[in-house]
Amino acid sequence: MTPRAITVAILAMGGEGGGVLADWIVDLAERSGYYAQTTSVPGVAQRTGSTIYYLELFPEAAVRAAGKDPVLALMPVPGELDIVLASELMEAGRAVQRGLVTPDRTTLIASTHRVYSMTERTAIGDGRVDGEALIEGARAAARHFVPADFAAIARDEGSVISAALFGALAATGALPFGREQFEEAIRRGGVGVDASLRAFAVGHDVACQPVHQGVGKLKHTLRGPTDDERRSSVLLAFPAPSDDILLAGIERLTDYQDERYAAEYLDLLTPIRDADEHYGNGDFTLLRETGRYLALWMSYEDAIRVADLKIRGTRFDRVRREARAGPGQVVRIHEFLHPRVGELADILPAPLGRWLLATGWARRFVELFTGRGKVVETTSLRGFLQLYVLARLRPSRRRSLRFQKEHQRIREWLGPIPALAAENYALAREVAECPRLLKGYGDTHLRGSRNFDAVMDALPRLRRREDAAGQLRKLREAALADESGHQLAEALSSIGVT
């Protein structure tokens, strides 16, 4: 049989140690009697740019027997890959799409975490690619598929994802080397050895678990029981199918404002619960979806919230981890803030906020200080205190202009839902999802609010139609598909609502 090279492709994003992983494999192969060649092709297709590292390993014994050097390729060829390692789930999907993964040959090792692409982040609606579909596609495309959240493994062990992937590679047996040889390659690297070996060991153990356990069970093994498994006493008055949504809502709103605010959230949902009990089919979809979007709406982003999030210790810790700063290293964080007059008016007491927006000279005066934006170093005492003072305005949020406006609109949205559930349960469910149109801040929020108002204004006329639920869903999807509002205007016109 004619010997051939072992072909390996690593698909990684910037800063994830893809080059280190390639170097470990080269060192491992060369120390074990193989010729090894590696090339890298950087790209800027998504996020911070992804890179394909391509390696070919060829046994020296075969070279000596043939009496001539092998010709090794510089680029991966679809259908010719033995091993593919993907540092993120979308990268695994890209490998499958390019034909690099084949069911008769390829071992695919992929981290199941997501780093969302720009198109996913900027979509008006939920633009995320279906992760489960990616996993199922990868499983169908590969000869042997090893999925796990290797990023979480690396984070927990204070290492980088390349070490966890290296451990999984060792566990698959796709390369003809033993575990000790893999670990020696890490030691010879000489950088972050202890942390890398810990991540390697956990990645190896996860990859050794039976494939049928699936991604969810692998995560459960690593992380232990989740908070959603706890039943909070405050939810005893609500049906069990809604617990996961309502628990998340309570935690979010307590963190956003206070416990009283979370209790108000449950009070607002009580009429929805009653309507769902009377007119639903027992799965409480109406309550769940209303609870989901009510929690998001009640925790709208304002300058107080932004300041609070930027000065949290957990955020400083995360930045240090991402920068891989050592215990004695100094990390400085510079924030660019560009609050507009409207955003400042939003956090003022309602009468003062309305006065500012209505008074030309006051607006122009404020714009002198906000027109260009401002860079604040939150790791300096002065910068931290500026945001700290702003974040401490949280108790006064209830009196703010934005709070009053948002809660008036929330009541207008929630008010008709119980009556709608009595006459058309499907339509009530569609109305419950309409706050999907509201997101972001600044111009993005204004456009979403305009679209939301247009859809809700059409509701009275739609209620008289037989396919009211389908028509409302059509309007909402048109609004989510186009920031400009043109598709929504066309959809309104097509159903005779203008």
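The opening position of the sequence shown corresponds to residue 0 in numbering that gives the first Met the number 0, with each subsequent residue numbered one higher. Where a beta carbon is used, it is the ideal one built from N, C-alpha and C, also for glycine. Quick caveat, the model's predicted, so the values are computed rather than measured.
Please determine, among R178, L245 and Y115, the residue with the shortest C-alpha to C-alpha distance to L88. For the residues R178, L245 and Y115, the minimum Cα distance to L88 belongs to Y115.
Between L285 and I346, what straight-line distance do the alpha-carbon atoms span, to the nearest angstrom? Whole-angstrom Cα-Cα distance: 32 Å.
Give me the Cβ distance between A302 and R251, rounded to the nearest whole Å; I'm assuming they're in contact under 8 Å. So it is not a contact: roughly 19 Å between Cβ atoms.
Ordered along the chain, which non-local residues of its own chain (more than five positions away) have a Cβ less than 8 Å from that of E489? The beta carbon of E489 sits closer than 8 Å to the beta carbons of A477 from its chain, once the five residues preceding and following it are set aside; these are given in chain order.
Helix or strand or just coil, what does DSSP make of V7? In the structure shown, V7 sits in a strand (DSSP, three-state: E or B).
Q328: first and last residue of the uninterrupted alpha helix (DSSP H) it sits in: For Q328, there is no enclosing alpha helix (DSSP H), as DSSP gives it neither H nor E.
Cβ-based burial, E366 [other Cβ within 10 Å; buried from 16]: Answer is exposed; the Cβ neighbour count stays below 16.
Counting only the same chain and skipping the five closest in sequence on each side, list residues whose C-beta sits under 6 Å from that of G382. Sequence-distant partners of G382 (beyond 5 residues in either direction) whose C-beta falls short of 6 Å from its own C-beta, in its chain, are V375 and E376.
Taking the alpha helix (DSSP H) that Q180 falls in, what are its first and last residues? Taken as a continuous stretch (DSSP letters only), the alpha helix (DSSP H) holding Q180 covers R178 to G188.
Excluding sequence positions up to five away, which residues of its chain have a Cβ less than 8 Å from the Cβ of G215? Low per-residue confidence applies at G215: pLDDT is 40, beneath 50, and the placement is therefore not dependable enough to give any value.
R398 to G130 span [Cα, whole Å]: If you draw a straight line from the Cα of R398 to the Cα of G130, it comes to about 41 Å.
From E183, P69 and I9, pick the residue whose C-alpha is nearest to that of R3; which is it? Among E183, P69 and I9, the Cα nearest to that of R3 belongs to P69.
Which value, in whole angstroms, describes the spacing of the CA atoms of E135 and V145? Taking the CA atoms as reference points, E135 sits about 12 Å from V145.
Under the assumption that H337 contacts G281 (Cβ atoms under 8 Å), give the Cβ distance between them as a whole number of angstroms. G281 and H337 do not touch by the CB rule: their CB atoms are close to 49 Å apart, not below 8 Å.
For H108, does the three-state DSSP call read helix, strand or coil? Note that residue 108 corresponds to Ile in the displayed sequence, not to His. Strand, per DSSP.
Bridge-paired residues (DSSP) for M89: In the DSSP output, where bridge partners are listed per residue, M89 has none listed.
Determine the closest residue to K438 out of G188, E300 and S86, with distance taken between C-alpha atoms. For the residues G188, E300 and S86, the minimum Cα distance to K438 belongs to E300.
Pair within 7 Å by beta-carbon distance, L107 and V83: Yes.
Could you tell me the alpha carbon to alpha carbon distance between Q486 and G191, rounded to whole angstroms? The alpha-carbon atoms of Q486 and G191 are separated by roughly 53 Å.
Between the segment 63 to 81 and the segment 90 to 107, do three or more beta carbon pairs fall short of 8 Å? The segment 63 to 81, when compared against the segment 90 to 107, does touch it at the 8 Å Cβ threshold.
Sequence-distant residues of the same chain with beta carbon closer than 7 Å to E499, five excluded per side: As displayed, the chain neither begins before 0 nor continues past 497, which places residue 499 out of reach and without an answer.
Cutoff 6 Å; reference A184; Cβ partners in own chain excluding five residues on either side: Closer than 6 Å at the Cβ level, and outside the excluded window around A184, lie W23, D26 and L27.
Contacts around R331, its chain only, beta-carbon distance under 7 Å, and the 5 residues preceding and following it disregarded: Scanning its chain for C-beta atoms nearer than 7 Å, with the 5 sequence neighbours on each side dropped, one finds around R331 the residues E376 and T378, in chain order.
Check whether the segment 308 to 320 touches the segment 451 to 459, counting contact only when three or more Cβ pairs, one atom from each stretch, lie closer than 8 Å. These segments do not touch.
Tell me the DSSP bridge mates of L84? Checking the DSSP bridge columns, you'll see L84 partnered with I9 and I108.
Could you check whether P238 and F165 sit closer than 7 Å to each other, using their CB atoms as the reference points? Their beta carbons are not under 7 Å apart, which means F165 does not touch P238 by this criterion.
Check this for me: beta carbons of L436 and G447, under 7 Å apart or not? When the beta-carbon positions are compared, L436 and G447 come within less than 7 Å of each other.
To which residues does DSSP link Q36 through a beta bridge? Paired residue(s): E55.
Determine the extent of the alpha helix (DSSP H) in which H277 is found, giving its start and end residues. Counting along the chain, the alpha helix (DSSP H) containing H277 begins and ends at E258 to Y278.
Helix, strand or coil: which one does DSSP assign to E228? The predicted model places E228 with a pLDDT of 42, which falls under 50 and marks its position as unreliable; any figure quoted below should be read in that light. Helix, per DSSP.
From G441, L20 and V430, pick the residue whose C-alpha is nearest to that of T289; which is it? Taking each of G441, L20 and V430 in turn and checking the Cα distance to T289, the smallest one comes out for V430.
Rounded to whole angstroms, what is the Cα-Cα separation between E258 and S39? Each residue's CA atom was taken as its position, placing E258 and S39 some 53 Å apart.
Exposed or buried, what is C207 when buried is set at 16 or more other beta-carbons lying within 10 Å of its beta-carbon? By the neighbour-count definition (other C-beta atoms within 10 Å, threshold 16), C207 is an exposed residue.
Chain B contact for R3 (CB, 7 Å cutoff): Note that chain B does not occur in the displayed structure, where there is just one protein chain.
On a Cα-Cα basis, can you pick out the residue from R63, G32, R93 and A8 that is closest to Y53? In terms of CA proximity to Y53, A8 leads the group R63, G32, R93 and A8.
Using only the alpha-carbon positions, how far apart do H203 and D148 sit? Cα-Cα distance, rounded: 13 Å.
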